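Engineer:
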Amino acid sequence: MFKRVLSITLAVGLAAGLMGCSGGKKAEPAATQAASTQAESAQEAAKAPETAKEAPGAEGEKKESEAQAAGNSGQAAPVKAPEGFPNKDITLVNPYEAGGTSDIPARIYADYISGIMDGAMMNVTDVTGSGGAVGAQQVMSSPGDGYTLLVAPAGYAMQYAKGSCEFTYEDFKPVSLFVTSYLGMAVNTSSGIKTYEDLVQAAKDRPGELKFGVATGGLPMFCVLAMEKQEGVDFNIVDIGGTTLKAPELLSNRIDVMIDSLAGLTSYVDSGDFTILGLYADDRFANYPDVPTFAELGYETNVMNQVFGIWAPKDTPDDVVEYLSSLFGAAAADEGVQKQLTDLTYSASYIPTAEYVTYLEKMYADFQEFAKGLN
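Using mature numbering (1 follows the signal peptide of the UniProt record, and there is no 0), the letters of the sequence shown correspond one by one to residues -27 to -1, 1 to 348.
#1: Can you give the Cα-Cα distance for A306 and G165, rounded to whole angstroms?
#2: In chain order, what residues of the same chain lie with their CB nearer than 6 Å to the CB of L235, ignoring the 5 residues before and after it?
#3: Grouping DSSP H, G and I as helix and E and B as strand, with all else coil, what is A4?
#4: According to the neighbour-count rule (16 or more other Cβ atoms, all chains shown, within 10 Å of its Cβ), is K219 buried or exposed?
#5: So the alpha helix (DSSP H) Y85 belongs to, where does it begin and stop?
#6: Three-state secondary structure (DSSP) at G119?
#7: Once DSSP output is grouped into helix, strand and coil, what is the label at G165?
#8: Answer yes if the stretch 139 to 148 comes into contact with the stretch 85 to 104, meaning at least three C-beta pairs across the two stretches below 8 Å, and no otherwise.
#9: For a quick check, are the C-beta atoms of T289 and P147 less than 8 Å apart?
#10: By the 10 Å Cβ neighbour count, where 16 or more other Cβ atoms means buried, how is A43 classified, buried or exposed?
#11: Please tell me whether G282 and S115 are closer than 8 Å, where the distance is taken between their beta carbons.
#12: Ordered along the chain, which non-local residues of its own chain (more than five positions away) have a Cβ less than 6 Å from that of F185?
#13: Leaving aside the five residues before and after G181 along the sequence, list all residues of the same chain whose C-beta is less than 7 Å from its C-beta, in chain order.
#14: For the beta strand (DSSP E) containing Q242, name the first residue and the last one.
#15: Express the C-alpha separation of P193 and L65 in angstroms, rounding to a whole number.
#16: Y296 and P55 look like a contact to me (Cβ under 8 Å); what is the Cβ gap, rounded to whole Å?
#17: Would you please state the rounded distance, in angstroms, between the beta carbons of Y120 and P59? I believe it to be under 8 Å.
#18: Just verifying my parser: in three-state terms, what is the DSSP assignment at M336?
#19: Could you tell me which whole beta strand (DSSP E) segments of length 3 or greater appear in the stretch 246 to 309?
#20: Is L(-18) helix, strand or coil when you go by DSSP?
#21: Give me, in chain order, the residues of the same chain whose beta-carbon lies closer than 8 Å to that of G245; leave out the 5 immediate sequence neighbours on both sides.
#22: Answer with buried or exposed for G136, where buried requires no fewer than 16 other C-beta atoms within 10 angstroms of its C-beta.
#23: Would you list the residues sitting across from F185 in a DSSP beta bridge?
#24: Considering only residues of the same chain and omitting the five flanking positions on each side of E204, which have a CB-CB separation below 6 Å?
#25: Classify S320 as buried or exposed, calling it buried when 16 or more other Cβ atoms lie within 10 Å of its own Cβ.
#26: Look at the alpha carbon of A93 and the alpha carbon of T168, and state the distance between them as a whole number of angstroms.
#27: Alpha carbon to alpha carbon, what distance is there between Q132 and D212?
#28: Please classify E222 as buried or exposed, where buried requires at least 16 neighbouring CB atoms within 10 angstroms.
#29: Using a Cβ-Cβ cutoff of less than 8 Å, which residues in the same chain neighbour A134 once the five nearest sequence positions on both sides are dropped?
#30: S298: which of M90, M200, G251 and S240 sits nearest, CA to CA?
#31: Could you pull the DSSP bridge partners for K146 from this structure?
#32: Which term fits A259, buried or exposed, when burial requires 16 or more other beta carbons within 10 angstroms of its beta carbon?
#33: Could you give the distance in angstroms between the alpha-carbon of Y272 and the alpha-carbon of T248?
#34: Note down the Cα distance separating I77 from L122, rounded to an integer number of angstroms.
#35: May I ask you to list the residues that DSSP assigns as paired with T153?
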């Protein structure tokens, strides 16, 4: 049995191309179409809470979201801002498409933070291209003044482990972990595939034929490679680009199976169009109690969730980083923010700066081992 050695919650990202990041394994372009309606509705759902913008709770109070919050320390309020900071708006660069998995929680956090920060707003800007590398490059080359931040997934760590990405978190100043999503494997219900075992059998019956849609270089692609190794099957891996493009490809049967965020799957599952075969989580998700976890399916790994952090340019002052981190901590502890995230199948997952750096160190080491296991 294939052994996966990831011992922490992992994150997904599409780090390929620019800055030395490029895609992996076999990948064919698939005919894709923009899911504009889905993106618009997702962004609408991500609009700010209309609750009062008050600093939540007393010091030391701990709150967890209803969706299995991981690492949320429930910080009660932001620390005192450095003198003169901020004196203008802060830009939070999301390196993926609008309405995608990282864009939605980023906007929820940015709106809340804008309500508790004196004299400035936090605005999300989607800077797409090269699988997330264009946005990372923009932040890396920005002044280290605290006014430009990056939504950072661990797909960067994955590409680094594969030798196709030259930068690491050490080229930035990590601020905090802030949100968790979850991954699920799905098929079109019309395929007749009802279980993970059905999919394995279909892949064995039709070697190299079933089209597995991925964004090359992201965690879902590693999951496919792991499945191929463990089950002794071979898929036709098709590069279908960003998050909002996956569902239309599966809905139109241009691909046979995909792995996507649970947030991106729920509407299609609830409508009966998609069937989830398994969820990358420790425990079954309350809204889908009949869907098994991949731990139950024989994968020796902890939760393989999508986790997103915040990175700043490397020369950002420590006191500015501490203040920014505390803003994300305050947002993560707010019940209104937690409810918005829970309703969209995310969870607030705040880890402050020092602990986050330790987390990243282990994550990079784990990905190195993970990549070795797939060679």
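Quick reminder that beta carbons are idealized off the backbone N, C-alpha and C, glycines included. A quick note: this is a predicted structure, and the numbers were derived from the prediction, not measured.
Structural biologist: According to the structure data:
#1: 43 Å
#2: Y155, G157 and T318
#3: Residue placement at A4 is poorly supported in this model, since its pLDDT is 37, which falls under 50; the coordinates are not used for a value here.
#4: buried
#5: D76 to I89
#6: coil
#7: coil
#8: no
#9: no
#10: Since pLDDT at A43 reaches only 38, below the 50 mark, its modelled position is unreliable, and no value is offered.
#11: no
#12: V197, F208, I210 and V230
#13: D207 and N209
#14: Per the sequence presented here, residue 242 reads as Val, with Gln not at that position. Premise fails: V242 lies in the alpha helix (DSSP H), L235 to D243, not in any beta strand (DSSP E).
#15: 25 Å
#16: 6 Å
#17: 7 Å
#18: helix
#19: 247 to 253 and 279 to 286
#20: Interpretation of L(-18) is limited by its pLDDT of 41, a score under 50 that renders its predicted location unreliable; the figure taken from the coordinates is listed afterwards. Coil, per DSSP.
#21: T162
#22: exposed
#23: I210 and V230
#24: V173
#25: buried
#26: 50 Å
#27: 16 Å
#28: buried
#29: Y337, F340, Q341, F343 and A344
#30: M90
#31: A285
#32: exposed
#33: 20 Å
#34: 16 Å
#35: V280 and S320
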